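Asker: Residue numbers (the UniProt record's numbering): 1 to 676. In this text, a Cβ means the ideal position worked out from N, Cα and C, and glycines have one as well. From a predicted model like this one, the values you see are computed outputs, not experimental measurements.
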């Protein structure tokens, strides 16, 4: 526990928290401060949780934290197996609950940040089945699932690109270099085309060059086929050697062994194979069928939420507890103490389990042996292909190391010579360039002379024919050399096979003696193993009976301890209630009126009187309102009628004023006409 607290304090004092805690200050934190600290760590993982827990209810805080911890796949430790107890400890800020959560979060902060980021997009929104009957909702849900799958694929590709080690700058440099090489090649091709077009009979020359290229490709393919046939011949010879060795071993085994031993081996193999076919494989097949059936059943059912999974886990735990209780009752009821069948039954079950385990180990060992043999054959083939001989051992390996050292010194000398040759090569390359320039100038002069004489292209054609004939002669020489090499290789292989046969003869004799010793030791080992198994079975049966007794006593102890704690809690509650009743009785009987007013009975009586007086006042007001309701409504009606009457009078007055104004205007107009 101290190591856990030390780790938490060290992480909190670092970035990005920057706390200045030590073990004493951290241990003295109150429950609210611990909850706020846990919330700060969760806020660092998911920024949505950066809140002040004093501004929200404790139930909301616990629900929010439990949701995030469920997304991060946190599992409470073994001491907090009950989820309700864990939730209660999270609400109250209990140290045994908060400290393991902080330790788990601070151990894998970066991983949890990534998981919280992915949870924003990958936590599926559960839609009820009845809503999915609507086509629009079903289409939107399908599109939502497709987008989720696309996000998964894009995230995987992004992670692969991050871890692949490729750099965009390097890729851009490679692309630019390849583009430059492409441009250079295009320019060279154009220059060569222009040079060829000036030569006479260039089409015929191109056809001859094409045929030459085809012949070279054909020659390369033939050489490749020849090499493949060599490899096939080598592998066939190796297979023949292995088959001959196996045949010799079988002959030796038949000569050295007796019919009884062969029959015993065959019986063991038959028993093992019959056990596999009749017991082990059918049982595994049945279990696989059951698992497939349950998986298909779960796939056919609708998706379950986290609450449904929690309910199922609780039901499974309850059923397992009931099964254990029934098994214990059955064992205590149907198995008497003096019965010997229980011991034999336990021994039989132990032996059957060991038999299954040994069969699985034997099968795994056989598979491993076959795989190792295949690997050994591959390695030997690779070694023989590379070096032409088998793997070296002992003195041969030391001789090989000395040979490598001498070759290393020889290699260093040759490397110095190569450095000198490269320097000379640079000088010669420069002289070659100068000579090429001179040659080109001479060729131009020669071409001009040929054009004057009317025989242009004669020298170029003659050079090409000489070059083709030289290449043909080189190819013929190479073919002859390859045939000589093949004959020498066959001779070497025959000599090597004879040497290996002579060197393996004493090893085979030693191997026979070692096989006899191995058989004797295996027999002795089988006898000792039988004795060990019988002794272990007896000890195992005694240990199982003792474990059952200890388990029963532990359960009784736990039950009694829980009863004791329950009785103590009930006793404490009753004592608190009795104390409150005594204090209430003391205050109620006290002659001091101030003390009597503090009594709960007096407070409730005062509150009852106040409410009764308030009810009386409200009833009187209600009575007055009911009595004056009718006259008040009449008065309101009269005022409304009076208001309508005054509105009508105002409208009539406005109309009369408008009419008088119009009459005055008409009279003034008539007077003006009379004057005119």
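State yes or no: is the C-beta of residue 22 within less than 8 Å of the C-beta of residue 41?
Answerer: Translated into the one-based positions of the chain shown, residue 22 becomes position 22. Translated into the one-based positions of the chain shown, residue 41 becomes position 41. For residue 22 and residue 41, no; Cβs fall outside 8 Å.
Asker: When the Cα atoms are used, what is the spatial distance from residue 501 to residue 237?
Answerer: As a first step, residue 501 is located in the chain shown; it is residue number 501 there, counting from the start. As a first step, residue 237 is located in the chain shown; it is residue number 237 there, counting from the start. Going from the Cα of residue 501 to the Cα of residue 237 covers about 14 Å.
Asker: Just to confirm the assignment, what range does the alpha helix (DSSP H) spanning residue 84 have?
Answerer: Locating residue 84 in the chain shown gives position 84, where the first residue counts as 1. That run of the alpha helix (DSSP H) goes 83-92.
Asker: Below 8 Å between beta carbons: does that hold for residue 62 and residue 91?
Answerer: Mapped onto the chain shown, residue 62 falls at position 62. Mapped onto the chain shown, residue 91 falls at position 91. Yes; because the gap between Cβ atoms is below 8 Å, this pair is in contact.
Asker: Helix or strand or just coil, what does DSSP make of residue 74?
Answerer: Against the chain shown, residue 74 aligns to sequence position 74. DSSP places residue 74 in coil when its eight states are reduced to three.
Asker: Rounded to a whole number of angstroms, what is the C-alpha to C-alpha distance between residue 174 and residue 368?
Answerer: In the chain shown, residue 174 corresponds to position 174, counting from 1. In the chain shown, residue 368 corresponds to position 368, counting from 1. Rounded to whole angstroms, residue 174 to residue 368 spans 46 Å at the Cα level.
Asker: Once you ignore the five residues that flank residue 187 on each side, which residues in its own chain have a CB closer than 7 Å to its CB?
Answerer: As a first step, residue 187 must be located in the chain shown, where it is residue number 187. Same-chain partners within the cutoff: there are none.
Asker: What's the C-alpha gap between residue 279 and residue 363?
Answerer: Locating residue 279 in the chain shown gives position 279, counting from the first residue. Locating residue 363 in the chain shown gives position 363, counting from the first residue. Each residue's alpha carbon lies about 14 Å from the other.
Asker: Rounded to whole angstroms, what's the CA-CA distance from residue 95 to residue 37? Just pull it up for me.
Answerer: If you number the chain shown from 1, residue 95 lands on position 95. If you number the chain shown from 1, residue 37 lands on position 37. Roughly 12 Å separates the two Cα atoms.
Asker: Considering only their Cβ atoms, is the gap separating residue 347 from residue 28 smaller than 8 Å?
Answerer: As a first step, residue 28 must be located in the chain shown, where it is residue number 28. As a first step, residue 347 must be located in the chain shown, where it is residue number 347. No, they are not a contact pair.
Asker: Quick one: what does DSSP say residue 198 is sitting in, helix, strand or coil?
Answerer: Locating residue 198 in the chain shown gives position 198, counting from the first residue. Here residue 198 sits in coil by DSSP.
Asker: Which runs of the alpha helix (DSSP H) fall wholly inside the segment 191-271 and span at least 4 residues, in chain order?
Answerer: Qualifying alpha helix (DSSP H) stretches, in chain order: 202-256.
Asker: Are the CB atoms of residue 588 and residue 581 within a distance shorter than 8 Å?
Answerer: Counting from one through the chain shown, the residue named residue 581 turns up at place 581. Counting from one through the chain shown, the residue named residue 588 turns up at place 588. Cβ distance not < 8 Å, so residue 581 and residue 588 don't count as in contact.
Asker: For a test of the three-state rule: what should DSSP assign to residue 51, helix, strand or coil?
Answerer: As a first step, residue 51 is located in the chain shown; it is residue number 51 there, counting from the start. DSSP places residue 51 in coil when its eight states are reduced to three.
Asker: Here's a check: name, in chain order, each residue in its chain whose Cβ is nearer than 8 Å to the Cβ of residue 310, leaving out the five neighbours to either side.
Answerer: The sequence position of residue 310 within the chain shown is 310, counting from 1. Closer than 8 Å at Cβ, skipping near neighbours: 83.
Asker: Any contact of the segment 265-276 with the segment 518-537, i.e. 3+ C-beta pairs under 8 Å?
Answerer: Flag = no, the segment 265-276 and the segment 518-537 do not touch.
Asker: Do the segment 376-383 and the segment 275-294 meet, that is, are 3 or more Cβ pairs less than 8 Å apart?
Answerer: Not touching, per the Cβ criterion.
Asker: Please classify residue 537 as buried or exposed, where buried requires at least 16 neighbouring CB atoms within 10 angstroms.
Answerer: Reading the chain shown from its first residue, position 537 is the one you call residue 537. By the 10 Å Cβ count, residue 537 comes out buried.
Asker: For residue 53, which option in 7, 93, 449, 602 has the closest C-alpha, if you only look at C-alpha atoms?
Answerer: Locating residue 53 in the chain shown gives position 53, where the first residue counts as 1. Ranking the options by Cα distance to residue 53, first place goes to 93.
Asker: So which of 185, 561, 110, 216 has the shortest CA-CA distance to residue 478?
Answerer: Position 478 of the chain shown, counted from the first residue, corresponds to residue 478. Cα-wise, what sits closest to residue 478 is 216.
Asker: So is residue 89 buried or exposed if we call it buried at 16+ other beta carbons inside 10 Å?
Answerer: Taking the first residue of the chain shown as 1, we reach residue 89 at position 89. By the neighbour-count rule (16 or more Cβ atoms within 10 Å), residue 89 is buried.
Asker: Is it buried or exposed for residue 49, if we count other Cβ within 10 angstroms and need 16 for buried?
Answerer: Within the chain shown, the letter at position 49 stands for residue 49. Label assigned to residue 49: buried.
Asker: Could you check which residue in 106, 99, 25 has the C-alpha nearest to that of residue 15?
Answerer: Here residue 15 corresponds to residue number 15 of the chain shown, with the count starting at 1. For the residues 106, 99, 25, the minimum Cα distance to residue 15 belongs to 106.
Asker: Measuring only the C-alpha atoms, how far is residue 436 from residue 221?
Answerer: In the chain shown, residue 436 corresponds to position 436, counting from 1. In the chain shown, residue 221 corresponds to position 221, counting from 1. The straight-line gap from Cα to Cα measures roughly 35 Å.
Asker: Identify whether residue 125 lies in helix, strand or coil by the three-state DSSP scheme.
Answerer: The residue you call residue 125 lines up with position 125 of the chain shown. DSSP places residue 125 in coil when its eight states are reduced to three.
Asker: If you count every other CB in all the chains shown that lies within 10 Å of the CB of residue 285, and 16 or more means buried, which is it?
Answerer: Locating residue 285 in the chain shown gives position 285, where the first residue counts as 1. Residue 285 should be labelled exposed.
Asker: Take residue 155 and list the residues in its own chain whose beta-carbon comes closer than 8 Å to its own, dropping the five residues that flank it on each side.
Answerer: Here residue 155 refers to the residue found at position 155 when the chain shown is read from its first residue. Contacts found: 118.
Asker: Going by DSSP in three states, residue 14 sits in which element: helix, strand or coil?
Answerer: As a working mapping, residue 14 is identified with position 14 in the chain shown. Reduced to three states, the DSSP call for residue 14 is coil.
Asker: In this structure, does DSSP put residue 56 in helix, strand or coil?
Answerer: Translated into the one-based positions of the chain shown, residue 56 becomes position 56. In the structure shown, residue 56 sits in coil (DSSP, three-state: anything other than H, G, I, E or B).
Asker: Answer yes or no: do residue 7 and residue 99 have a C-beta to C-beta separation smaller than 8 Å?
Answerer: By 1-based counting over the chain shown, the position of residue 7 is 7. By 1-based counting over the chain shown, the position of residue 99 is 99. Their beta carbons are not under 8 Å apart, which means residue 7 does not touch residue 99 by this criterion.
Asker: Within 7 Å: the Cβ of residue 645 and any heavy atom of the ligand PLP?
Answerer: The ligand PLP is not among the ligands present in this structure, which contains no ligands whatsoever.
Asker: Classify residue 649 as helix, strand or coil using the three-state DSSP reduction.
Answerer: Walking along the chain shown from the start, residue 649 turns up at place 649. Residue state, collapsed to three classes: helix.
Asker: From residue 646 to residue 630, what distance separates their C-alpha atoms?
Answerer: The residue you call residue 646 lines up with position 646 of the chain shown. The residue you call residue 630 lines up with position 630 of the chain shown. Distance between the alpha carbons of residue 646 and residue 630: 25 Å.
Asker: I need the DSSP call for residue 336, collapsed to helix, strand or coil.
Answerer: Locating residue 336 in the chain shown gives position 336, counting from the first residue. Model confidence at residue 336 stands at a pLDDT of 48, short of 50, so the residue's coordinates are unreliable; what they give is reported in the following sentence. If DSSP states are grouped into helix, strand and coil, residue 336 belongs with coil.
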